Amino acid sequence: MVPDVLTRALVPRLTQFSRELAGARRGSVRGVHQSRVASRRLREGLAALEAVVPDDEHRRAVRALREMARALGAVRECDVTIALVGTYAARHDWPATVVAQVLQSSQEDRKRRRRELLRVLANTRRRRAVAQVKSLLPQISTPESRRAVSEAAVHRRRTRATALAKHLRHLGTLYVPDQLHAVRLATKKLRYALEWEQQVGRRAWVRERRLLEKAQEALGAWHDVLILQERLHRLRRSGDWPRLTTSDLKHMAAQLERECRAHHALILAMCPALARLAKAANR
Numbered sequence: 057m058v059p060d061v062l063t064r065a066l067v068p069r070l071t072q073f074s075r076e077l078a079g080a081r082r083g084s085v086r087g088v089h090q091s092r093v094a095s096r097r098l099r100e101g102l103a104a105l106e107a108v109v110p111d112d113e114h115r116r117a118v119r120a121l122r123e124m125a126r127a128l129g130a131v132r133e134c135d136v137t138i139a140l141v142g143t144y145a146a147r148h149d150w151p152a153t154v155v156a157q158v159l160q161s162s163q164e165d166r167k168r169r170r171r172e173l174l175r176v177l178a179n180t181r182r183r184r185a186v187a188q189v190k191s192l193l194p195q196i197s198t199p200e201s202r203r204a205v206s207e208a209a210v211h212r213r214r215t216r217a218t219a220l221a222k223h224l225r226h227l228g229t230l231y232v233p234d235q236l237h238a239v240r241l242a243t244k245k246l247r248y249a250l251e252w253e254q255q256v257g258r259r260a261w262v263r264e265r266r267l268l269e270k271a272q273e274a275l276g277a278w279h280d281v282l283i284l285q286e287r288l289h290r291l292r293r294s295g296d297w298p299r300l301t302t303s304d305l306k307h308m309a310a311q312l313e314r315e316c317r318a319h320h321a322l323i324l325a326m327c328p329a330l331a332r333l334a335k336a337a338n339r
């Protein structure tokens with residue numbers, strides 16, 4: 057029956073999201089990161105219910121998850137900066153006084169963004185939306201619903217594969233962050249689509265998911281460096297720094313630019329395999 061299939065696939069995602077969100081509320085760096093990951097997986101599952109759950113219920117749940125994910129992402133960016141600045145300061149011998157200023161600015165920004173996150177998470181409408189979708193699962197019990205969920209999983213997988221193939225074609229040998237970011241998002245979305253399709257009882261896509269996970273790690277490492285680089289640029293342009301510090305920030309950002317380009321070269325080497333995977337997943 058459909059409730060059995062959907063319960064096995066969806067309820068663990070709901071449970072994990074709630075558990076990780078509790079850590080995020082406490083201020084845990086891991087909780088913030090894992091809550092974002094869990095929200096993406098949950099949204100992928102909810103997308104498959106679009107054909108069998110009332111439109112208003114579905115839209116409310118997806119919108120609530122996106123709002124929470126955006127607030128989590130803002131805190132996560134600060135955490136990335138705080139974690140990485142020490143690593144690259146040691147690697148490139150950055151001035152200790154400038155590093156301390158960057159850390160202080162990032163920590164103050166995290167406090168502001170965490171307050172906004174707590175405000176978002178306290179919203180009763182957002183908390184209730186996902187629970188309402190869960191409450192509808194026992195009502196979905198027809199063979200037609202089961203077919204609709206299965207067909208939605210296949211459709212999502214093909215759509216995600218098409219998007220990844222398109223962005224890979226646009227990714228050239230020149231380093232263009234926006235193009236690389238599009239590949240990063242498309243890789244992530246296809247991976248979660250394959251995971252969902254496996255959970256509702258279709259193909260496992262084991263090798264494909266492993267390759268996507270490896271690519272996602274490489275793209276994530278690049279993106280973390282990019283986040284730090286962009287923060288240094290914002291701080292330099294803010295006008296709140298002495299001229300010497302501004303010069304240091306510019307030099308530090310240039311070093312991170314070279315790091316980003318090195319990541320880009322490694323990612324390019326993975327693209328032919330990703331293109332073949334996207335083609336296979338679109339069948």
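Be aware that the sequence shown starts at 57, since it is given in the working numbering, and climbs by one per residue.
The beta-carbon is built from N, C-alpha and C at its ideal position, and this holds for glycine as well.
Quick caveat, the model's predicted, so the values are computed rather than measured.
If you compare alpha carbons, which of the options is closest to residue i?
i           : options            : result
residue 307 : 259, 118, 234, 149 : 149
residue 64  : 82, 338, 98, 76    : 98
residue 303 : 147, 313, 311, 292 : 292
residue 124 : 245, 172, 300      : 172
residue 340 : 329, 271, 331      : Residue 340 is absent from the model: the chain starts at 57 and stops at 339.
residue 189 : 76, 103, 331, 330  : 103
residue 335 : 246, 322, 254, 315 : 246
residue 80  : 233, 178, 221, 315 : 178
Buried or exposed: residue i, going by 16 or more other Cβ atoms within 10 Å of its Cβ?
i           : result
residue 105 : buried
residue 248 : buried
residue 167 : exposed
residue 57  : Here the model assigns residue 57 a pLDDT of 41, short of 50, so the residue's position is not dependable, and the following value carries that caveat. The residue is exposed, with fewer than 16 neighbouring Cβ atoms inside 10 Å.
residue 95  : buried
residue 114 : buried
residue 131 : buried
residue 319 : buried
residue 250 : buried
residue 333 : buried
residue 182 : buried
residue 273 : exposed
Please list the terminal residues of the continuous alpha helix (DSSP H) segment that includes residue i.
i           : result
residue 339 : Premise fails: residue 339 is in no alpha helix (DSSP H) and is neither H nor E.
residue 109 : Per DSSP, residue 109 belongs to no alpha helix (DSSP H) and is neither H nor E.
residue 234 : 233-255
residue 370 : Because residue 370 is not part of the residues shown, which for the chain are 57 to 339, the question remains open.
residue 276 : 262-293
residue 165 : 152-177
Within a Cβ cutoff of 8 angstroms, which residues of the same chain sit near residue i, ignoring the five residues on either side of it in sequence?
i           : result
residue 276 : 240
residue 136 : 280, 283, 284
Which residues in the same chain as residue i place their Cβ atom closer than 6 angstroms to its Cβ, once the five residues preceding and following it in sequence are excluded?
i           : result
residue 223 : 238, 239, 242
residue 55  : Here the chain has residues from 57 to 339 only, and residue 55 is not among them.
residue 138 : 162
residue 117 : 102, 185, 186, 189
residue 170 : 131
Assuming residue i and residue j form a contact by the criterion Cβ under 8 angstroms, report the distance between their Cβ atoms to the nearest whole angstrom.
i           : j           : result
residue 128 : residue 88  : 6 angstroms
residue 101 : residue 69  : 5 angstroms
residue 227 : residue 329 : Incorrect: roughly 14 angstroms between the Cβ atoms, too far for contact.
residue 253 : residue 209 : 4 angstroms
residue 312 : residue 144 : 7 angstroms
residue 316 : residue 231 : 7 angstroms
Using a Cβ-Cβ distance under 9 angstroms, would residue i count as near chain B?
i           : result
residue 261 : The structure shown contains no chain B; it holds only a single protein chain.
Going along the chain, which residues of its own chain have a beta-carbon closer than 7 angstroms to the beta-carbon of residue i, five neighbours each way excluded?
i           : result
residue 324 : 229
residue 73  : 91, 94, 95, 98
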